[in-house]
Amino acid sequence: YLRHLQASLIVADEKISLEVTGNGDVIESHDGVLAVGSGSPFALAAARALMPMDLTAKETAERAMHIAADMCTGTNHNFVIEEVLPGQKEGEDKKPAPATE
């Protein structure tokens, strides 16, 4: 039943980022940059272009999503960014960081 799920999920820690598909495939990017969703090709291209800049992962993701939203009709500027902080234990309260526009 779940093998036909048309969804993807990105999971990451400080060492590796992976995409888990609805088919059960686990995919590792060749350059550590992953994107999912309707605007993912645009966000992926923007994130790769921003990689040489001295930005945090969160700043790179935010800028890439804004670029994707400007280009893709299926993407908008309403983002929810959830950040796992170093040393944060499982089950601790996590508050989504507000996205900037």
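The sequence shown maps to residues 14 to 114 in this note's numbering. Ideal placement from N, C-alpha and C gives every residue a C-beta, glycine not left out.
message: Buried or exposed for Thr86, going by 16 or more other Cβ atoms inside 10 Å?
response: exposed
message: When you compare the CB positions of Ala25 and Ala56, do they come within less than 8 Å of one another, or not?
response: Note that the C-beta distance between Ala25 and Ala56 is not below 8 Å.
Bridge-paired residues (DSSP) for Val46: Looking at the DSSP output, Val46 bridges to nothing.
- prompt: Residue range of the alpha helix (DSSP H) that Pro60 falls in?
  reply: Contrary to the premise, residue 60 reads as Ala rather than Pro in this sequence. Ala60 -> alpha helix (DSSP H) spans Ser53 to Leu63.
message: Using only the alpha-carbon positions, how far apart do Asp38 and Gln19 sit?
response: 12 Å
- request: Within 10 angstroms of the Cβ of Leu47, are there 16 or more other Cβ atoms? Answer buried if so, exposed if not.
  value: buried
message: Given a cut-off of 8 Å on the beta-carbon distance, is the pair Thr88 and Ser51 in contact?
response: yes
- request: Taking only the alpha-carbon atoms, compute the straight-line gap between Glu95 and Thr73 and give it to the nearest angstrom.
  value: So the two alpha carbons sit approximately 14 Å from each other.
query: Where does Ala60 land, buried or exposed, given buried means 16+ other C-beta within 10 angstroms?
result: buried
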